[in-house]
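K.L.:
Residue numbers (the working numbering), protein chains in the order written: chain B, 1 to 337; chain V, 338 to 674; chain D, 675 to 1011; chain W, 1012 to 1348.
First the structure, then my questions, so here it is.
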């Protein structure tokens, strides 16, 4: 941490800052520039609050030097983490595709979709049982019944399943049914929930919040990791910007940035990242070209009658085309699907 | 809801859309423009998903006509709602000021601050017991001990208290101690939590998410209202933009926009809205000038040693100046403090 | 400028950076932390590019210490600059109000509006002759004819006039007619234009770009100042964010931030800052409460038939109410109108 | 255009809106919903201002139905436009790569870079002679001397050249030297400049503004097209968002969205789109995978000593790797380089 003093900071003000640094158990290191004195804080700054200095008399600003995350960082864990689930490995050379409906709506709908995505080459089945919906008047998911249907589809098609968990109380229940727990974008900083999934031993897919920086995403992962669960995967699913032509702006830059900063696998969600089914396949290609380790894609046999997210769901035949095109891109970047 | 057909949509495509509208229990109304056919959906569109039409062949786009919220709207409830708490009325002519430390840190710290804010003229005491922190390594709040201290300060200074609740399991506990439950910005779309506070009979202060639209804030309020709790207050606390000179961008426009759209009281948080104590007083003045019904302000007797949010906390003497200046502005807009 | 070296930077890499610093005419100052070496660059860093170091082997990142602007800063010029125009002083105790139509449309329209704003208490008349329009098919302004009409209104009502200049070639012409040249938001970083207005001796109102940081606004002012024109005023007119309930998000925080960083007067434009006439008066009040030195407001006698910006234009009777309310707020912050 | 009336709009208010529609030469079409009356405006709405109605009594809001651009749209010109420049075709099956230094700094620097990019397989040489710089104290480009050097490199290496034009007065001069004129992101809405390049017969590369919507980009293209110049190419170069890990956020969604809306070629700029050289190659791959027609890339033989944009410039050996990887991706999407 570096503390930049104001232009006319007095010697007493500088001494006070140095004293505060020492009180907190760090060493201070002064550097006298032409217009400003700069004070370095020597020690592991991660638990330190910049606020502790920003308020002191004579301080202009405080600059963090280290990233605030540690367990999630490549500094701490240089090799790629590979998450293994029932024979599927995520984070290695193979691109993993998770696919299925936004919501589990009925036994028939789920089975039909599971058969189709399995047939097209998906490795993992997705489906929502507990649904976070913007409107209290919209379909809220089948709940426990949805979990049971997912389990049935899992066993019938030999596909591990991923489903969202929305609340700490539901973690134990959902973990009994699911192979991967998903933390949705709106819950990325729901710390009670992060704490709860950090204490179980199930892989977690953590989606980036609409409004969250890459650093905040890694700090949310750090919450889970610091409670003991090491099987965390990250998901870029589009951020909110001023552009309204698409539902969200898929931040393709985040993929190589995350691959450089962290050892955790990075999954791309081109369905939420665009909000429009016509854009899902080109953005899936782009994500793999940029270095993503996998995809999560919404597929529905009859999107026009889907109870949620129909506009961004692919029909099975278009999903099969996506897989085919992604396979060509994977080959171009020396990976497989 | 209006459905805009593509330039060359066929008669069959138009008929299909009309049929879908009728299947869903609505009436269709066609309007033939020079380049596009437009189909109006007649009926209460709130439970309807635009997705249901966006995917159909020949459809270009779908435009919602009504706001998706109802209980929160002025259409539904034209008069201002006034929330009463132990003799304090929020949403009327008087500007209400909530003040106190970001976190409850110790008995001494809380009592000293409570005495100071009471003395300066605050009406309600704020203080965090359960703290949502970006880092798992930062101070997480005193929890139950913090609630007990708040209760003690409440009784000693005759100040109703407001504190944050972060998880559905904690709602009952926090409600035993607090007069107002606060839903933090990162939990604005934590639907399990909104549901839980909707089912108790305690006033709720709902903070706008960092990157939530005004409409989404009102939909989050609708969740609480639709579960039966009518005592909801909204809080503008700054949004996330590209500007980095301040921690957040206080959206002063939101104040008159909310006052026009909803009957619920609107509180301003200039502490989080700016992130810098020097800016708190001018932005507090601006919020009241724009029409806010109250303020929530972070005050700390020794901000440089605060365990959280020190940089945006006012010292008691500066808080007293804020109250004085806000009183002058309130008078200018024909209100009182 | 501070250069943060990577975790495992070698001694040779550190030496190279030190050598580069010395080659560029600066002194280097090393600080050895627990995990990183940090190198301070001693000297006036303003002309230095961080890129010069970011690329070097072993460098993690580079942090600027000084603001890159100088002539615009309070460090350089501690006292408020006051811009005087035909007896009107901007930047002093008096709040200055500029008002008039978005576009000059006709002699009758301009004269009628000029009479009305003068009557209500405006100090300066605004009106566009050269208009930047998003669509090539929209009304582009009356050009020279518009300037002549503005001059006529100026003389008839004894109101100094402000009008926009869009291109370097037009600067001399517009300066013959106008008392203040306006640089529009879309031209804030049109450097050829900034250069041109920097070389004449007319006051300039520089509007913040929709997408510009406060620092970039001050750097644009620095362009004008560095070419010799010291009579520069800044204008906050709303930034672009994710929020769509208003045309722009008026950044009220920018007002006290600018007043702290610079000596130049700060004007608020609540018309563009909101895009909706109903919001203009509350946001005008907020801007003055936050510390703005003046307002620029769109007024039209028949907004529904305005050729541009009708939706955000006030009718004269509403403008008179605005002046009255702003006067009350000015009084509350110990200023006058 | 559709006009949504307020809940309690009176019959007289509805009649007034209908009368206004008819006065402006359009037909009105009423649709009576359960809670709102909606009035359709029949006719070519492009020259119409929503403001004309938003202000009328009883109107709640106005919704545009048609995109406001015409010449740039696929509705108007369904086939892809192919821009031909000295034997290079942009917009067809072949991916075109433009490469070279950010700024022309010296004869030696330019010739060395030109030789390297030619050798690696670039089709067009880029280089800035007139430079838009945020700081008036930074290197502003070599101007005319830079143009002469570009011409010399063009002839020596048989590479068409692209360079930026910043001001209407310079258009004729720059057009004498360059094969393609570039309009920079900060000038995307410099209408005087768009007008000037619309009147010459040279291809134009129009870069998207940092905070411009896709629709605004197409409206800026419409300015050029409507003045008679049909050889316009669009460039996605990153937008400004809240994320600070990269200089800009490359909006990969914009590529397939633009390809659907317009017939104009779409070029990607991964150098400005990321601001960091390590990210340029993965984002170049992603852009081509998403459907871009070409790339514009900054290359410098000694980035650490570049006078501008060093941090995002590739060394020639890395540029050669980029070409190689992009060729593999192009093959995967059935295109060539």
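No residue lacks a Cβ here, since even glycine has one placed at the ideal position from N, Cα and C.
No experiment lies behind these values; they were computed from the predicted model shown.
Count the CB pairs spanning the segment 353-363 of chain V and the segment 329-336 of chain B that are closer than 8 Å, and state whether there are at least three.
P.N.:
Taking 8 Å as the limit for Cβ pairs, the verdict is that the segment 329-336 of chain B does not touch the segment 353-363 of chain V.
K.L.:
Starting from the beta carbon of residue 611(V), find every residue of chain W whose beta carbon is closer than 7 Å, and list them in chain order.
P.N.:
What you label residue 611(V) is simply residue 274 of the second chain in a count that begins at 1. The contacting residues do not exist; residue 611(V) stays about 16 Å from chain W at best.
K.L.:
Along the beta strand (DSSP E) that carries residue 679(D), what are the first and last residues, could you check?
P.N.:
The sequence position of residue 679(D) within the third chain is 5, counting from 1. Where residue 679(D) is concerned, the enclosing beta strand (DSSP E) stretches over 676-679.
K.L.:
Is any heavy atom in the ligand ZN found nearer than 8 Å to the beta carbon of residue 702(D)?
P.N.:
Because no ligand of any kind appears in the structure shown, any question about the ligand ZN cannot be addressed here.
K.L.:
Could you tell me whether the Cβ atoms of residue 1269(W) and residue 1228(W) are closer together than 9 Å?
P.N.:
Here the question's residue 1269(W) lines up with position 258 in the fourth chain. Here the question's residue 1228(W) lines up with position 217 in the fourth chain. The answer is yes: Cβ separation under 9 Å.
K.L.:
Can you tell me where the beta strand (DSSP E) holding residue 569(V) begins and where it ends?
P.N.:
Start at 1 with the first residue of the second chain, and residue 569(V) comes out as number 232. Here the beta strand (DSSP E) through residue 569(V) covers 569-573.
K.L.:
Name the residues in the segment 236-252 of chain B whose C-beta lies less than 9 Å from a C-beta of chain W; which are they?
P.N.:
238, 239, 240, 241, 242, 243, 244, 245, 246, 248, 249, 250, 251, 252
K.L.:
As a quick exercise: from 582(V), 494(V), 644(V), pick the residue whose alpha carbon is nearest that of residue 927(D).
P.N.:
As a first step, residue 927(D) is located in the third chain; it is residue number 253 there, counting from the start. That would be 582(V), whose Cα lies nearest to the Cα of residue 927(D).
K.L.:
Could you give the distance in angstroms between the alpha-carbon of residue 531(V) and the alpha-carbon of residue 446(V)?
P.N.:
Your numbering for residue 531(V) matches position 194 in the second chain. Your numbering for residue 446(V) matches position 109 in the second chain. Cα to Cα, the separation comes out at about 31 Å.
K.L.:
Using alpha carbons as the reference points, say which of 842(D), 785(D), 795(D), 844(D) lies closest to residue 827(D).
P.N.:
For the purposes of this step, residue 827(D) is identified with residue 153 of the third chain, where counting begins at 1. That would be 785(D), whose Cα lies nearest to the Cα of residue 827(D).
K.L.:
Just the Cα atoms here: how many angstroms apart are residue 1292(W) and residue 235(B)?
P.N.:
Taking the first residue of the fourth chain as position 1, residue 1292(W) is located at position 281. Taking the first residue of the first chain as position 1, residue 235(B) is located at position 235. Their backbone Cα atoms lie some 21 Å apart in a straight line.
K.L.:
For residue 167(B), which residues in chain V fall below 7 Å Cβ to Cβ?
P.N.:
Locating residue 167(B) in the first chain gives position 167, where the first residue counts as 1. Those are 505, 529, listed as they occur along chain V.
K.L.:
For residue 157(B), I'd like the list of residues in its chain whose CB is within less than 8 Å of its CB, leaving aside the five on either flank, ordered along the chain.
P.N.:
As a first step, residue 157(B) must be located in the first chain, where it is residue number 157. 114, 115, 118, 125.
K.L.:
Please list, in chain order, all residues of the same chain as residue 957(D) whose beta carbon is under 7 Å from its beta carbon, the five residues on each side excluded.
P.N.:
As a first step, residue 957(D) must be located in the third chain, where it is residue number 283. Counting only Cβ-Cβ distances below 7 Å, and skipping sequence neighbours, we find 924, 944, 947, 948.
K.L.:
Taking the CB atoms as reference points, tell me whether residue 1185(W) and residue 1141(W) lie closer together than 9 Å.
P.N.:
Here residue 1185(W) is taken as the residue at index 174 of the fourth chain, counted from 1. Here residue 1141(W) is taken as the residue at index 130 of the fourth chain, counted from 1. A contact, by the Cβ cut-off of 9 Å.
K.L.:
Just how far apart, CA to CA, sit residue 150(B) and residue 373(V)?
P.N.:
In the first chain, residue 150(B) corresponds to position 150, counting from 1. In the second chain, residue 373(V) corresponds to position 36, counting from 1. In a straight line, the C-alpha of residue 150(B) is about 43 Å away from that of residue 373(V).
K.L.:
How big is the Cα-Cα spacing for residue 526(V) and residue 279(B)?
P.N.:
In the second chain, the residue the question calls residue 526(V) occupies position 189. In the first chain, the residue the question calls residue 279(B) occupies position 279. Each residue's alpha carbon lies about 27 Å from the other.
K.L.:
Mind pulling the chain W residues with CB within less than 8 Å of residue 215(B)?
P.N.:
To locate residue 215(B), count along the first chain from 1; it is residue 215. Those within 8 Å of residue 215(B) in chain W are 1256.
K.L.:
With DSSP collapsed to three states, give me the class of residue 642(V).
P.N.:
Taking the second chain and counting its residues from 1, the one referred to as residue 642(V) is at position 305. Note: residue 642(V) maps to helix in three-state DSSP.
K.L.:
Does the separation of the CB atoms of residue 1116(W) and residue 1306(W) fall below 9 Å?
P.N.:
The count along the fourth chain starts at 1 and reaches residue 1116(W) at position 105. The count along the fourth chain starts at 1 and reaches residue 1306(W) at position 295. Taking 9 Å as the Cβ cut-off, residue 1116(W) and residue 1306(W) do not qualify as a contacting pair.
K.L.:
What does residue 182(B) pair with, by DSSP beta-bridge criteria?
P.N.:
Translated into positions along the first chain, residue 182(B) becomes position 182. Answer is 164(B), 205(B), bridged to residue 182(B).
K.L.:
How long is the line joining the alpha carbons of residue 974(D) and residue 1021(W), rounded to whole angstroms?
P.N.:
Working through the third chain from its first residue, we reach residue 974(D) at position 300. Working through the fourth chain from its first residue, we reach residue 1021(W) at position 10. If I take the Cα positions, the gap works out to 25 Å.
K.L.:
Since residue 291(B) meets chain W, which of its residues come closer than 7 Å, beta carbon to beta carbon?
P.N.:
Within the first chain, the letter at position 291 stands for residue 291(B). Result: 1293.
K.L.:
Ignoring anything shorter than 4 residues, give me the alpha helix (DSSP H) runs that lie fully in the segment 923-972 of chain D, in order along the chain.
P.N.:
Runs of the alpha helix (DSSP H) inside the segment 923-972 of chain D: 928-935, 944-948, 951-964.
K.L.:
So residue 339(V) contacts chain W; which residues on that side make the cut at Cβ distance below 8 Å?
P.N.:
The residue labelled residue 339(V) in the question sits at position 2 within the second chain. Contacts between residue 339(V) and chain W, judged by CB atoms closer than 8 Å, involve 1013, 1049, 1074 in chain order.
K.L.:
Determine which residues of the segment 1312-1323 of chain W have a Cβ less than 7 Å from any Cβ of chain V, and write them out in chain order.
P.N.:
none
K.L.:
Do residue 1039(W) and residue 286(B) have their beta-carbon atoms positioned less than 9 Å apart in this structure?
P.N.:
For the purposes of this step, residue 286(B) is identified with residue 286 of the first chain, where counting begins at 1. For the purposes of this step, residue 1039(W) is identified with residue 28 of the fourth chain, where counting begins at 1. Going by C-beta atoms, residue 286(B) is not nearer than 9 Å to residue 1039(W).
K.L.:
Which whole-angstrom value describes the C-beta separation of residue 835(D) and residue 801(D), a residue pair presumed to lie in contact below a C-beta threshold of 8 Å?
P.N.:
Taking the third chain and counting its residues from 1, one reaches residue 835(D) at position 161. Taking the third chain and counting its residues from 1, one reaches residue 801(D) at position 127. Confirmed, about 7 Å.
K.L.:
Could you work out which residues of chain D lie near residue 1220(W), taking near to mean beta carbons separated by less than 8 Å?
P.N.:
Numbered from 1 along the fourth chain, position 209 holds the residue referred to as residue 1220(W). In chain order: 885.
K.L.:
Residues of chain W with CB under 9 Å from residue 331(B), in chain order?
P.N.:
The residue labelled residue 331(B) in the question sits at position 331 within the first chain. By Cβ distance, chain W contributes 1339, 1343.
K.L.:
Between residue 242(B) and residue 915(D), which are expected to be in contact by the criterion C-beta below 8 Å, what is the C-beta distance as a whole number of angstroms?
P.N.:
Sequence index remark: in the first chain, residue 242(B) carries index 242 (1-based). Sequence index remark: in the third chain, residue 915(D) carries index 241 (1-based). Residue 242(B) to residue 915(D), Cβ: 6 Å. Contact.
K.L.:
Return the chain-ordered list of same chain residues with a C-beta closer than 7 Å to the C-beta of residue 557(V), the five sequence neighbours on each side being excluded.
P.N.:
The count along the second chain starts at 1 and reaches residue 557(V) at position 220. Cβ within range, chain order: 525, 526, 531, 543.
K.L.:
Are residue 854(D) and residue 872(D) touching if we call contact CB-CB under 9 Å?
P.N.:
In the third chain, the residue the question calls residue 854(D) occupies position 180. In the third chain, the residue the question calls residue 872(D) occupies position 198. It is not a contact, given that the beta carbons lie outside the stated cut-off.
K.L.:
Just reading off the alpha helix (DSSP H) that residue 1232(W) is part of, what are its end residues?
P.N.:
As a working note, residue 1232(W) is residue 221 in the fourth chain. 1225-1237 is the extent of the alpha helix (DSSP H) around residue 1232(W).
K.L.:
Out of curiosity, what's the CA-to-CA distance linking residue 458(V) and residue 963(D)?
P.N.:
The sequence position of residue 458(V) within the second chain is 121, counting from 1. The sequence position of residue 963(D) within the third chain is 289, counting from 1. Going from the Cα of residue 458(V) to the Cα of residue 963(D) covers about 21 Å.
K.L.:
Just checking my contact of residue 664(D) with residue 712(D) at CB under 8 Å: how many whole Å lie between their CB atoms?
P.N.:
As displayed, chain D neither begins before 675 nor continues past 1011, which places residue 664(D) out of reach and without an answer.
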